[in-house]
Amino acid sequence: MSTNQKKTPKTPNKKFNFYWIYGAIAVFLIALQFYQFSGTPSKNIKESKLYNQMLADGDVDSIVIVNGTLVEVWIREDRLKKDVYQKDKVPETGPQYAMEISLNSNFEDRLDKAQADVDNKITPSYTTRRDWLPTILSWLLPLFLLVAVWLFIMRRITGGGGMGGGGQIFNIGKSKANLYDKDTKVNVTFNDVAGLDEAKEEVMEVVDFLKNPKKYTSLGGKIPKGVLLVGSPGTGKTLLAKAMAGEAQVPFFSISGSDFVEMFVGVGASRVRDLFKQAREKAPCVIFIDEIDAIGRARGKNMMQSNDERENTLNQLLVEMDGFGTDKGVIILAATNRPDVLDPALLRPGRFDRQISIDKPDLNGREQIFKVHLKPVKVSKDMDAYKLALQTPGFAGAEIANVCNEAALIAARRGKKFVEMQDFNDAIDRVIGGLEKKNKLISPDEKNIIAYHEAGHAICGWFLEHADPLVKVSIVPRGVAALGYAQYMPKEQFLYTTEQLNDMMAMTLGGRAAEEIVFGRISTGAQNDLERITKMAYAMVTLYGMNKRIGNLSFNDPQQDYRFAKPYSEELAKAIDEEVHKIIEDAYIRTKQLLSDKRGQLEAVAQELLSKEIIFKADMERLIGNRPFEEHKMHEDLTAPLSTMEPASDKSEDTDPAAPEVESPQEEEVKE
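Under this note's numbering, residues 254 to 925 are what the sequence shown spells out, in order.
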């Protein structure tokens with residue numbers, strides 16, 4: 254699985270911003286508070302000019318005192334043509350002048366005193382004026398500010414008032430699905446998907462039905478209403494859905510299972526209803542629900558025995574998919590890596606009619622994936638995707654993409670113009686084993702123990718028939734706690750016999766046995782080894798029925814049917830523990846006997862490790878001869894030293910949690 258997506262630049266969606274309009278209105282209203290509203294503009298004068306010039310010359314027609322604080326002066330009409338008034342450019346209609354006075358300032362007394370020698374005395378008149386605008390604004394402005402703040406908060410809560418905003422108060426019951434149609438086309442096609450040939454055929458059939466429905470309906474056939482993609486993380490479930498969105502040429506709704514979950518009661522069911530309502534309006538269309546196990550878990554498992562919001566959401570989904578009023582033209586596509594926890598009602602025919610298993614790619618699939626990921630990488634001429642596929646058994650598409658990216662980064666760090674095979678070898682070690690720590694301080698005694706520990710693994714793997722072929726042994730620290738490791742080239746198989754499991758356990762115990770034989774004491778370096786063989790032994794006894802005393806019994810419980818009650822008695826539990834101890838003890842005795850017989854070869858490999866720190870298969874052949882068992886033919890194609898270490902292998906639905914420990918060829922033993 255892989256993709257080489259073409260990214261198209263997105264044009265920003267410009268929305269008209271109303272906030273600057275709100276601000277302009279607020280500034281305008283505030284400015285009105287300070288603006289003087291009167292009929293004509295008046296010129297301010299000093300009190301001395303009024304007394305000494307205007308009243309003395311008899312130019313004043315009348316004086317009006319407004320509200321006890323403002324003095325307005327009217328000039329006689331026949332005197333307005335005087336130079337002094339023309340120079341002041343006073344208005345023809347009064348008042349021509351104005352003067353502010355303080356309340357209770359005895360202005361009348363001063364006016365009478367100034368007119369003591371004037372024949373025609375001017376007696377001021379009093380008036381009261383009320384300016385309604387400030388009063389009105391004093392009420393409206395706070396109200397306007399409250400409304401503006403409320404609108405601002407509501408626009409923030411509702412995501413700017415746009416449709417499809419997620420997590421908002423007023424749109425909380427709306428679907429959060431992303432719609433992809435002809436205007437927002439996905440640039441991923443089935444040509445970008447590699448290593449998933451069988452799964453692609455199944456999905457392409459659904460796409461073909463959407464494009465040519467009469468081809469199937471004319472024969473009476475019905476397309477599956479729901480398609481469930483099942484597979485381990487990184488295998489390409491979401492990528493296959495993207496390819497379907499790019500190829501279907503119909504509206505494509507994409508949403509995550511967690512998007513239905515909310516803290517408010519009833520929101521999940523409301524979002525399901527809204528999603529299917531939108532889908533029916535655009536039918537025919539496809540709805541893709543990623544990680545559907547977030548809402549599709551089996552009902553009745555809630556320990557609180559109360560109304561579960563997630564179960565309500567699931568009930569609504571079941572009704573929408575195949576209920577009394579179900580419409581045609583809506584196809585459900587979902588993905589999960591936990592099919593064992595889904596509700597049986599969700600998996601029945603009529604809802605998810607078809608389940609497509611997407612396994613980790615095989616050798617040919619990995620080669621195709623490498624070819625896709627190597628296209629944008631500048632690689633050297635000696636690059637061989639087939640060899641890289643051989644070195645990465647058990648890798649998913651996402652892990653292969655990570656290896657290619659790490660190899661490019663390593664080559665760039667080394668100043669190379671092209672990415673070479675050695676860069677990919679180092680990238681595989683880096684992705685799986687962790688960062689190499691050459692400067693980690695290890696005492697000579699500890700280094701000696703690590704060397705014999707890893708040599709013990711190497712010797713056991715070399716002389717045990719069913720062990721995986723050895724590729725590389727290293728005592729260079731890697732990752733967080735791995736002080737050394739041995740790497741193998743595992744065979745791609747799905748079934749294991751009792752003899753194979755026993756040999757794998759003996760090989761895993763080789764490090765602990767070598768320490769006891771050489772030093773007469775053991776260390777904590779075998780922690781990872783002991784964890785693996787313990788799970789492996791319990792799986793043989795309790796899951797695979799590979800023990801004569803316990804018999805053909807399996808206590809695997811993927812559906813958690815047993816819950817808190819064990820399906821066996823205390824006597825049988827004791828017998829299981831005894832048989833597990835016996836299996837491990839027999840494997841340990843067998844391993845010690847093998848290493849004792851091969852003591853000379855053990856010493857040779859250990860000393861070579863202390864000298865070189867890393868040895869390959871060719872070094873083993875030089876030191877102790879060819880491996881006595883015929884190896885898989887495909888390994889003969891590898892001419893250069895390989896660097897492989899497989900992660901936990903994929904498991905089928907009915908495989909127990911211990912199965913990866915059985916299938917994993919990875920050796921990362923010596924722990925700090």
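Note that CB positions come from ideal geometry on N, CA and C, so glycine has one too.
Nearest-angstrom Cα distance between residue 852 and residue 549? Taking the first residue of the sequence shown as position 1, residue 852 is located at position 599. Taking the first residue of the sequence shown as position 1, residue 549 is located at position 296. In a straight line, the C-alpha of residue 852 is about 57 Å away from that of residue 549.
Residue from 590, 839, 346, 456 whose Cα sits closest to the Cα of residue 487: Locating residue 487 in the sequence shown gives position 234, where the first residue counts as 1. It is 590.
C-alpha distance - residue 618 paired with residue 447, whole-angstrom precision: What you label residue 618 is simply residue 365 of the sequence shown in a count that begins at 1. What you label residue 447 is simply residue 194 of the sequence shown in a count that begins at 1. One Cα belongs to residue 618, the other to residue 447, and the distance between them is close to 7 Å.
Quick check on residue 756: buried or exposed, where buried means 16 or more other Cβ atoms within 10 Å of its Cβ? As a position in the sequence shown, residue 756 is number 503, starting the count at 1. Residue environment: residue 756 is assigned as buried (16 or more neighbouring CB atoms within 10 Å of its CB, all protein chains considered).
Counting only runs that start and end within the region 562 to 602, where is the alpha helix (DSSP H) found for 4 or more residues in a row? If you keep only unbroken alpha helix (DSSP H) runs of at least 4 residues inside the region 562 to 602, you get 562 to 575, 597 to 600.
For residue 718, which residues of its own chain have a beta-carbon under 6 Å away from its beta-carbon, when the five flanking residues on both sides are left out? As a working mapping, residue 718 is identified with position 465 in the sequence shown. If we look at residue 718 and ignore the five residues flanking it on each side, its Cβ neighbours are 882.
Report yes or no: do three or more beta-carbon pairs, one from the region 457 to 469 and one from the region 490 to 509, lie closer than 8 Å? Touching, per the Cβ criterion.
Using a threshold of 7 Å, is the CB atom of residue 750 nearer than that to any non-hydrogen atom of the ligand SAH? Ligands displayed in this structure: none; no statement on the ligand SAH is therefore possible.
Environment of residue 626 [buried if 16+ CB atoms lie within 10 Å]: Numbered from its first residue, the sequence shown carries residue 626 at position 373. Buried, since its Cβ has 16 or more Cβ neighbours within 10 Å.
From the DSSP output, in three-state form, read off residue 502 for me. Position 249 of the sequence shown, counting from 1, holds the residue named residue 502. Reduced to three states, the DSSP call for residue 502 is coil.
What are the boundary residues of the alpha helix (DSSP H) that includes residue 330? Taking the first residue of the sequence shown as position 1, residue 330 is located at position 77. Element bounds for residue 330: n/a, residue is neither H nor E.
Quick test of your reading: residue 662 and residue 731, contact by CB under 8 Å. State the CB separation rounded to the nearest angstrom. Start at 1 with the first residue of the sequence shown, and residue 662 comes out as number 409. Start at 1 with the first residue of the sequence shown, and residue 731 comes out as number 478. With 8 Å as the limit, residue 662 and residue 731 do not qualify as a contact, their Cβ atoms being about 17 Å apart.
Using only alpha-carbon positions, find the residue among 606, 278, 378 that is nearest to residue 324. Residue numbering aside, residue 324 sits at position 71 when the sequence shown is read from its first letter. Comparing C-alpha distances from residue 324 to each of 606, 278, 378 shows the shortest one belongs to 378.
Collapsed DSSP secondary structure at residue 751 in the structure displayed: On the sequence shown, residue 751 is found 498 positions in, with the first residue counted as 1. Three-state DSSP puts residue 751 in a helix.
Distance, residue 524 Cα to residue 754 Cα: Counting from 1 along the sequence shown, the entry for residue 754 is found at position 501. Counting from 1 along the sequence shown, the entry for residue 524 is found at position 271. Each residue's Cα considered, the two are about 50 Å apart.
Based on DSSP bridge pairs, tell me the residues matched to residue 316. For the purposes of this step, residue 316 is identified with residue 63 of the sequence shown, where counting begins at 1. DSSP, once it has assigned bridges, lists 326 as partnering residue 316.
Helix, strand or coil for residue 786, going by three-state DSSP, please let me know. Residue 786 sits at position 533 when you count from the first residue of the sequence shown. Residue 786 carries a helical assignment under DSSP once its states are collapsed to helix, strand and coil.
What whole-angstrom Cβ distance do residue 726 and residue 877 have, given they're in contact under 8 Å? Start at 1 with the first residue of the sequence shown, and residue 726 comes out as number 473. Start at 1 with the first residue of the sequence shown, and residue 877 comes out as number 624. Actually they are not in contact, since the Cβ atoms of residue 726 and residue 877 sit about 12 Å apart, beyond 8 Å.
Burial state of residue 310, where buried means 16 or more other Cβ atoms lie within 10 Å: Within the sequence shown, residue 310 is the residue found at index 57, counting from 1. Counting Cβ neighbours within 10 Å, residue 310 comes out exposed, since fewer than 16 surround it.
Please check the pair residue 714 and residue 735, which I expect to be a contact at CB under 8 Å, by giving their CB distance rounded to whole angstroms. Position 461 of the sequence shown holds residue 714. Position 482 of the sequence shown holds residue 735. With a contact defined as Cβ atoms closer than 8 Å, residue 714 and residue 735 miss out at about 17 Å.
Can you grab the Cα-Cα spacing for the pair residue 485 / residue 470, in whole Å? By 1-based counting over the sequence shown, the position of residue 485 is 232. By 1-based counting over the sequence shown, the position of residue 470 is 217. About 34 Å.
In whole angstroms, give me the CA-to-CA distance for residue 438 and residue 515. Taking the sequence shown and counting its residues from 1, one reaches residue 438 at position 185. Taking the sequence shown and counting its residues from 1, one reaches residue 515 at position 262. Residue 438 and residue 515: Cα-Cα distance of roughly 30 Å.
To which residues of the same chain is residue 374 closer than 8 Å at the C-beta, ignoring the five residues directly before and after it? The residue labelled residue 374 in the question sits at position 121 within the sequence shown. Result list for residue 374: 365, 368, in chain order.
Check whether the region 394 to 409 touches the region 332 to 341, counting contact only when three or more Cβ pairs, one atom from each stretch, lie closer than 8 Å. Verdict: no, contact absent.
With a 10 Å radius around its C-beta and 16 neighbouring C-beta atoms as the bar for buried, classify residue 670 as buried or exposed. Along the sequence shown, read from residue 1 onward, the residue named residue 670 stands at position 417. Exposed is the call here.
Report the CB separation of residue 195 from residue 858 in whole angstroms; it is logged as a contact under 8 Å. With the chain covering 254 to 925 only, the question about residue 195 has no answer from this structure.
Any idea if residue 614 is buried or exposed, counting beta-carbon neighbours within 10 angstroms, 16 or more meaning buried? Residue mapping note: residue 614 aligns to position 361 of the sequence shown, counting from 1. Burial call: buried.
Can the beta-carbon of residue 763 be found closer than 8 Å to that of residue 848? Position 510 of the sequence shown, counting from 1, holds the residue named residue 763. Position 595 of the sequence shown, counting from 1, holds the residue named residue 848. Judged by their CB atoms, residue 763 and residue 848 are nearer to each other than the 8 Å cut-off.
Between residue 793 and the rest of its own chain, which residues show a CB-CB distance below 7 Å, the 5 nearest in sequence each way excluded? As a working mapping, residue 793 is identified with position 540 in the sequence shown. Short of 7 Å from the beta carbon of residue 793, and not among the five residues preceding or following it, lie these beta carbons of its own chain, in chain order: 754, 799, 800, 836.
Tell me which residues share the same chain as residue 538 and place their Cβ nearer than 8 Å to its Cβ, disregarding the 5 neighbours each side in the sequence. Locating residue 538 in the sequence shown gives position 285, counting from the first residue. Closer than 8 Å at the Cβ level, and outside the excluded window around residue 538, lie 503, 504, 505, 506, 532, 582, 583, 584.
Considering only residues of the region 609 to 643, which uninterrupted alpha helix (DSSP H) runs meet the minimum length of 4 residues and lie entirely inside it, listed in chain order? Listed in chain order, the alpha helix (DSSP H) elements of length 4 or more contained wholly in the region 609 to 643 are 616 to 627.
Name the DSSP beta bridge partners of residue 484, please? As a position in the sequence shown, residue 484 is number 231, starting the count at 1. Paired residue(s): 611.
DSSP puts residue 507 in a beta bridge; with which residues? Here residue 507 is taken as the residue at index 254 of the sequence shown, counted from 1. Per DSSP, 431, 541.
Tell me the DSSP secondary structure of residue 877 in three-state form. Against the sequence shown, residue 877 aligns to sequence position 624. In the structure shown, the three-state DSSP call for residue 877 is helix.
What separation, rounded to the nearest whole angstrom, lies between the Cα atoms of residue 432 and residue 472? By 1-based counting over the sequence shown, the position of residue 432 is 179. By 1-based counting over the sequence shown, the position of residue 472 is 219. Distance between the alpha carbons of residue 432 and residue 472: 32 Å.
Specify, as a first and last residue, the run of the alpha helix (DSSP H) that residue 680 falls within. Within the sequence shown, residue 680 is the residue found at index 427, counting from 1. Boundaries of the alpha helix (DSSP H) harbouring residue 680: 674 to 686, taken from the DSSP string.
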